[in-house]
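Protein chains: 2
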Amino acid sequence: MPERKAATIGDVAREAGVSRQTVSNVVNSPSIVKESTRLKVQAAIEALGYSPNALARRLRTQRTSTIAVKLDPYSGGVSGVVLDRFVHALTESAAARGLRVLLYAARTLEEELRHLDELADAGEVDAIVLTGTSRGDRRAARLLERGVPFAAFGRPWGTEAAAHPWVDIDGAAGTRAATADLLERAGERIAFLGWPAGSESGNDRERGWREAMGERTAPRLTAEDGVAEGQEAVKALLPNGIDGLVCASDALAIGAHLAAVQAGRPELPIVGFDNTAAAEALGISSVEQLPERVAAGILEMLMGPEGNKVAKQDPKGLLVEPRLIVR
Amino acid sequence: MPERKAATIGDVAREAGVSRQTVSNVVNSPSIVKESTRLKVQAAIEALGYSPNALARRLRTQRTSTIAVKLDPYSGGVSGVVLDRFVHALTESAAARGLRVLLYAARTLEEELRHLDELADAGEVDAIVLTGTSRGDRRAARLLERGVPFAAFGRPWGTEAAAHPWVDIDGAAGTRAATADLLERAGERIAFLGWPAGSESGNDRERGWREAMGERTAPRLTAEDGVAEGQEAVKALLPNGIDGLVCASDALAIGAHLAAVQAGRPELPIVGFDNTAAAEALGISSVEQLPERVAAGILEMLMGPEGNKVAKQDPKGLLVEPRLIVR
DNA sequence: AATTTTTATTGGAACGATCATACGATAGGC
DNA sequence: GCCTATCGTATGATCGTTCCAATAAAAATT
Numbered sequence: 000m001p002e003r004k005a006a007t008i009g010d011v012a013r014e015a016g017v018s019r020q021t022v023s024n025v026v027n028s029p030s031i032v033k034e035s036t037r038l039k040v041q042a043a044i045e046a047l048g049y050s051p052n053a054l055a056r057r058l059r060t061q062r063t064s065t066i067a068v069k070l071d072p073y074s075g076g077v078s079g080v081v082l083d084r085f086v087h088a089l090t091e092s093a094a095a096r097g098l099r100v101l102l103y104a105a106r107t108l109e110e111e112l113r114h115l116d117e118l119a120d121a122g123e124v125d126a127i128v129l130t131g132t133s134r135g136d137r138r139a140a141r142l143l144e145r146g147v148p149f150a151a152f153g154r155p156w157g158t159e160a161a162a163h164p165w166v167d168i169d170g171a172a173g174t175r176a177a178t179a180d181l182l183e184r185a186g187e188r189i190a191f192l193g194w195p196a197g198s199e200s201g202n203d204r205e206r207g208w209r210e211a212m213g214e215r216t217a218p219r220l221t222a223e224d225g226v227a228e229g230q231e232a233v234k235a236l237l238p239n240g241i242d243g244l245v246c247a248s249d250a251l252a253i254g255a256h257l258a259a260v261q262a263g264r265p266e267l268p269i270v271g272f273d274n275t276a277a278a279e280a281l282g283i284s285s286v287e288q289l290p291e292r293v294a295a296g297i298l299e300m301l302m303g304p305e306g307n308k309v310a311k312q313d314p315k316g317l318l319v320e321p322r323l324i325v326r
Numbered sequence: 000m001p002e003r004k005a006a007t008i009g010d011v012a013r014e015a016g017v018s019r020q021t022v023s024n025v026v027n028s029p030s031i032v033k034e035s036t037r038l039k040v041q042a043a044i045e046a047l048g049y050s051p052n053a054l055a056r057r058l059r060t061q062r063t064s065t066i067a068v069k070l071d072p073y074s075g076g077v078s079g080v081v082l083d084r085f086v087h088a089l090t091e092s093a094a095a096r097g098l099r100v101l102l103y104a105a106r107t108l109e110e111e112l113r114h115l116d117e118l119a120d121a122g123e124v125d126a127i128v129l130t131g132t133s134r135g136d137r138r139a140a141r142l143l144e145r146g147v148p149f150a151a152f153g154r155p156w157g158t159e160a161a162a163h164p165w166v167d168i169d170g171a172a173g174t175r176a177a178t179a180d181l182l183e184r185a186g187e188r189i190a191f192l193g194w195p196a197g198s199e200s201g202n203d204r205e206r207g208w209r210e211a212m213g214e215r216t217a218p219r220l221t222a223e224d225g226v227a228e229g230q231e232a233v234k235a236l237l238p239n240g241i242d243g244l245v246c247a248s249d250a251l252a253i254g255a256h257l258a259a260v261q262a263g264r265p266e267l268p269i270v271g272f273d274n275t276a277a278a279e280a281l282g283i284s285s286v287e288q289l290p291e292r293v294a295a296g297i298l299e300m301l302m303g304p305e306g307n308k309v310a311k312q313d314p315k316g317l318l319v320e321p322r323l324i325v326r
């Protein structure tokens, strides 16, 4: 008969012959309870199969022990996996700190802002994790204005630099390492295939390549993100004779790889970005983003190095250095 | 000064000069309130920026309006994307019905069982969504025993067939369609590349191929799931001369494709399963699982076609027919 | 031995909503 | 004009926990 109603703290108190508060103490701060009574209470808890009701506790403490994160609509592309990995990692690290992760979905900015308002108004979460921040991010501005604790996966690219905590991948460091590696292994002419101007992270990744190239020169191409687009862009270039190619994404890298194979240069060293399964399957080198580190960093920003409750945050940032995977 | 404490239902009642209950009625069942008082109350709500506290409501109603779903650890392979898409879709459909989705992470079965117990004991969720069910699934058994409402993405492969609601992809229908298509377009000898015996969904997918082949014969290979494994398995086969190949996964299909290219038969028609980004990028046909339909089906099982609260479920199943994407 | 401090436990209030029930006012039936 | 329905609103209890202040008992100080 598993339908029996769950035992409450009052039931345990009666069974053990103590007050409710003492039971609560045994559960939450056992150290202040005398050993003999603690054992008595623990036996009663055991006997009744008592487990504190999370809802009641949250109402009383005004802490939900829950953080929210947006799950982006499935984009269908090669990328997007990085965010999924990030959510995976966030869930695991959060569980280790006794936090739950709540998802919300939004297709548009307006919808997301509405969701953020709802989550904050109803007191559903202690903190929010934003992903994919952009220059002058309206979500960040809104949360700041409302005083909702949050941290972002992504830099505050604009001027509000110091206004909230964030963690991001150091894209420039990634492409710098990739370029340096190719310069050493392949030759002087290492080209770059990036996105059209206007993308913050695109600029960041291109900067790494430029810095590593120094005085050397090599073609710099752009294409919208996508396999076909990358293939098209590189097709025109190959006759120019390059020694290697650094790309802003795995999708572009795969396109470039296909173009290289078609042009009879299957051995052309190419490096992508994101280390997706597709790149792995094709044996293409890539820059691995380590979203697990980002997740850990975000939680540390929100709750301190060890804490299990959301605390006041310093608005500081953390750049995680990605890792080059050579294949 | 956004630090002002949030207004409660009592504040609104005082402001509007009515009782708490009337405010509650305006929020939850406006139709039973006289128009004049309703307007008065709505004005007060507006003025104070009142929003009901979700925690208090949940404690009183004993409904969390939350469902839990496990997020698998990132597997790193080509597959796994289907589950992510499913979670995406589930979150969106749930939001449309006023439900939230809570994530939990687990690396082992034991850990998952522990999490399930905790979620149930603490009354954190109204229902649980299981993914990747197997024969004699211990999680399903546990939840049934404890009386926790749940539905599964995946068939109850064993004998407990009718014990709980489930939704699954009709894998056999997918491979049947793929095989039929190749028989029509490519020729009589359509081979199958599956997994080693023991996988329920593997058997299911192979069955579809067999059924479509009927009296015709063609090689049937197996390999562990993976690009390299698929490539190896097909390398030996190609001299045999086949007209097409149906695979149990995109990873195998990609491996097969690479083997075909190396063997000088790049045009060999191959069909994968899951329609992952990698298959798309390489122009390989694939069977698309439509996890969005599965998500909608799961919610319907839990809450009825229109409902927004978890109701008693009939233990019935639903098979979703996948779609063949020809490239 | 009287006083202060510390330790262990208790009882009531509070968190913020909804439920069940009771009440007053208006309307309808004869 | 009396009795009964119906409607709209109000009151108090309740969900299950933790906070707060108070108390009783034990230990330490003078």
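Residue numbers (numbering that gives the first Met the number 0), protein chains in the order written: chain C, 0 to 326; chain D, 0 to 326.
We treat Cβ as the ideally placed atom computed from N, Cα and C, and that holds for glycine.
C-beta atoms of R206 of chain D and P268 of chain D nearer than 8 Å: Locating residue 206 of chain D in the second sequence gives position 207, counting from the first residue. Locating residue 268 of chain D in the second sequence gives position 269, counting from the first residue. Going by C-beta atoms, R206 of chain D is not nearer than 8 Å to P268 of chain D.
Spatial distance of P338 of chain C from A278 of chain D (CA atoms) | Coverage of chain C is limited to positions 0 through 326, which leaves residue 338 of chain C absent and any answer about it impossible.
* What's the C-alpha gap between D203 of chain C and G48 of chain C? -> Walking along the first sequence from the start, residue 203 of chain C turns up at place 204. Walking along the first sequence from the start, residue 48 of chain C turns up at place 49. Approximately 55 Å between the Cα atoms of the pair.
If you measure beta-carbon to beta-carbon, which residues of the region 122–149 of chain C are closer than 8 Å to chain D? When CB distances to chain D are screened at a threshold of 8 Å, the residues of the region 122–149 of chain C falling below it are G122, E123, E144, R145 and G146, in chain order.
Check: Mapping DSSP to helix, strand and coil, what is T130 of chain C?
Finding: Counted from its first residue, the first sequence places residue 130 of chain C at position 131. In the structure shown, T130 of chain C sits in a strand (DSSP, three-state: E or B).
- Message: Does the contact criterion of 3 or more C-beta pairs under 8 Å hold for the region 32–45 of chain C versus the region 53–60 of chain C?
- Response: With a cut-off of 8 Å, the region 53–60 of chain C and the region 32–45 of chain C do not count as touching, because too few Cβ pairs lie within range.
| query | What are the start and end residues of the alpha helix (DSSP H) that includes L323 of chain C? | reply | Locating residue 323 of chain C in the first sequence gives position 324, counting from the first residue. Element bounds for L323 of chain C: not the alpha helix (DSSP H) but the beta strand (DSSP E), R322 to I324.
- prompt: chain D partners of I253 of chain C, CB-CB under 9 Å?
  reply: For the purposes of this step, residue 253 of chain C is identified with residue 254 of the first sequence, where counting begins at 1. For I253 of chain C, the C-beta contacts it makes with chain D under 9 Å involve A277, A280 and L281, in order along the chain.
Q: On the DSSP bridge assignment, give the partners of L271 of chain C in chain order.
A: For this step, residue 271 of chain C is matched to residue 272 along the first sequence. Going by the sequence as given, residue 271 of chain C is Gly instead of Leu. C:S285, per the DSSP bridge assignment.
- What residues of chain C sit near V331 of chain D, judged by a beta carbon separation below 7 Å? Since the first residue of chain D shown is 0 and the last is 326, residue 331 of chain D is not available in this structure.
Give me whichever residues DSSP pairs with F191 of chain C in a beta bridge.
Indexing the first sequence from 1 puts residue 191 of chain C at position 192. Beta-bridge partners assigned by DSSP to F191 of chain C: C:R219 and C:V245.
Are any of the Cβ atoms in chain D nearer than 8 Å to that of T63 of chain C?
Locating residue 63 of chain C in the first sequence gives position 64, where the first residue counts as 1. Yes, contact with chain D.
(message) Suppose the cutoff is 6 Å on Cβ atoms and the five residues either side in sequence are ignored; what does the same chain contact list for E210 of chain D look like?
(response) Numbered from its first residue, the second sequence carries residue 210 of chain D at position 211. These residues qualify, in order along the chain: R175.
8 Å Cβ cutoff, P238 of chain D in contact with chain C = For this step, residue 238 of chain D is matched to residue 239 along the second sequence. No, P238 of chain D does not count as interfacial toward chain C.
Short of 7 Å in beta carbon distance, which residues of its chain neighbour A6 of chain C, apart from the five on each side in sequence? Order them along the chain. As a position in the first sequence, residue 6 of chain C is number 7, starting the count at 1. So the qualifying residues of the chain are L47, G48 and Y49.
Taking Cβ positions only, does P265 of chain C come closer than 8 Å to chain D? The residue labelled residue 265 of chain C in the question sits at position 266 within the first sequence. Taking Cβ atoms only, chain D never reaches closer than 8 Å to P265 of chain C, which makes this a no.
Compare the beta carbon distance of D224 of chain D and A250 of chain D with 8 Å and say whether it is the shorter of the two. Within the second sequence, numbered from 1, the residue matching residue 224 of chain D stands at position 225. Within the second sequence, numbered from 1, the residue matching residue 250 of chain D stands at position 251. Note that the C-beta distance between D224 of chain D and A250 of chain D is below 8 Å.
Margin query: The beta strand (DSSP E) that contains T328 of chain C, what's its start and end?
Written below: Residue 328 of chain C is absent from the model: chain C starts at 0 and stops at 326.
Compare the C-beta of L298 of chain C with all C-beta atoms of chain D and state if any pair is closer than 8 Å.
On the first sequence, position 299 is the one that residue 298 of chain C refers to. So, not an interface residue.
Can you give the Cα-Cα distance for R106 of chain D and K69 of chain D, rounded to whole angstroms?
Locating residue 106 of chain D in the second sequence gives position 107, where the first residue counts as 1. Locating residue 69 of chain D in the second sequence gives position 70, where the first residue counts as 1. For R106 of chain D and K69 of chain D, the distance between alpha carbons rounds to 10 Å.
For D273 of chain D, return the contacting residues in chain C, with the cut-off set at a CB-CB distance below 8 Å. Locating residue 273 of chain D in the second sequence gives position 274, counting from the first residue. Within chain C, not a single residue places a beta-carbon under 8 Å from that of D273 of chain D; the smallest gap is close to 11 Å.
Hey, out of C:F149, C:V26 and C:E34, whose CA is closest to E45 of chain C's CA? As a working mapping, residue 45 of chain C is identified with position 46 in the first sequence. Ranking the options by Cα distance to E45 of chain C, first place goes to C:V26.
message: Does R215 of chain C pass the burial test, meaning 16 or more other C-beta atoms within 10 Å, or should it be called exposed?
response: Within the first sequence, numbered from 1, the residue matching residue 215 of chain C stands at position 216. With fewer than 16 other Cβ atoms from the protein chains shown falling within 10 Å of its own Cβ, R215 of chain C counts as exposed.
* E91 of chain C: contacting residues in chain D (beta-carbon distance under 7 Å) -> As a first step, residue 91 of chain C is located in the first sequence; it is residue number 92 there, counting from the start. Within 7 Å Cβ-Cβ: A104.
Item to complete: Taking 8 Å as the threshold, find out whether the region 110–118 of chain C comes into contact with the region 91–98 of chain C through three or more Cβ pairs.
Response: With the cut-off at 8 Å, the region 110–118 of chain C and the region 91–98 of chain C do not touch.
Is the CB-CB distance between E199 of chain C and R134 of chain C below 8 Å?
Counted from its first residue, the first sequence places residue 199 of chain C at position 200. Counted from its first residue, the first sequence places residue 134 of chain C at position 135. In contact: E199 of chain C and R134 of chain C (Cβ atoms closer than 8 Å).
(request) Kindly list, in the order they appear in chain C, the residues whose Cβ is closer than 7 Å to that of N52 of chain D. (result) For the purposes of this step, residue 52 of chain D is taken as residue 53 along the second sequence, with counting starting at 1. Below the 7 Å Cβ cutoff, chain C contributes A121 and G122 as neighbours of N52 of chain D, in chain order.
>> Can you confirm whether R219 of chain D, when its beta carbon is compared against all beta carbons of chain C, has any partner nearer than 8 Å?
In response: In the second sequence, counting from the first residue as 1, residue 219 of chain D sits at position 220. For R219 of chain D, the nearest beta carbon of chain C is not closer than 8 Å to its own beta carbon.
Original post:
Is any beta-carbon of chain C found at less than 8 Å from that of V286 of chain D?
Top reply: Within the second sequence, numbered from 1, the residue matching residue 286 of chain D stands at position 287. For V286 of chain D, the answer is no, since every Cβ of chain C falls outside 8 Å of its Cβ.
Where V128 of chain C and H163 of chain C are concerned, what is the direct C-alpha to C-alpha distance, given to the nearest angstrom?
To locate residue 128 of chain C, count along the first sequence from 1; it is residue 129. To locate residue 163 of chain C, count along the first sequence from 1; it is residue 164. C-alpha of V128 of chain C to C-alpha of H163 of chain C: approximately 11 Å in a straight line.
**Request:** Please report the Cβ distance between T65 of chain D and D125 of chain D, rounded to the nearest whole angstrom; I am assuming they are in contact, meaning their Cβ atoms lie under 8 Å.
**Result:** Within the second sequence, numbered from 1, the residue matching residue 65 of chain D stands at position 66. Within the second sequence, numbered from 1, the residue matching residue 125 of chain D stands at position 126. Sure, about 6 Å apart at Cβ, within 8 Å.
key: Whole-angstrom distance between R138 of chain D and R113 of chain D, CA atom to CA atom   = Start at 1 with the first residue of the second sequence, and residue 113 of chain D comes out as number 114. Start at 1 with the first residue of the second sequence, and residue 138 of chain D comes out as number 139. So the alpha carbons of these two residues sit roughly 10 Å apart.
* **Minimum Cβ-Cβ distance from D10 of chain D to chain C less than 8 Å** => Taking the first residue of the second sequence as position 1, residue 10 of chain D is located at position 11. At a cut-off of 8 Å between C-beta atoms, D10 of chain D does not count as an interface residue with respect to chain C.
Please check if any C-beta of chain D sits within less than 8 Å of the C-beta of L323 of chain C.
-> Your numbering for residue 323 of chain C matches position 324 in the first sequence. Chain D, which has no Cβ nearer than 8 Å to the Cβ of L323 of chain C, makes this no.
**Q.** Amino acids of chain D, ordered along the chain, whose beta-carbon sits closer than 8 Å to that of R99 of chain C
**A.** For the purposes of this step, residue 99 of chain C is taken as residue 100 along the first sequence, with counting starting at 1. Within chain D, the residues near R99 of chain C are L101, L102, Y103 and E123.
Quick check on R57 of chain C - is its C-beta less than 8 Å from some C-beta in chain D? If you number the first sequence from 1, residue 57 of chain C lands on position 58. At a cut-off of 8 Å between beta carbons, R57 of chain C contacts chain D.
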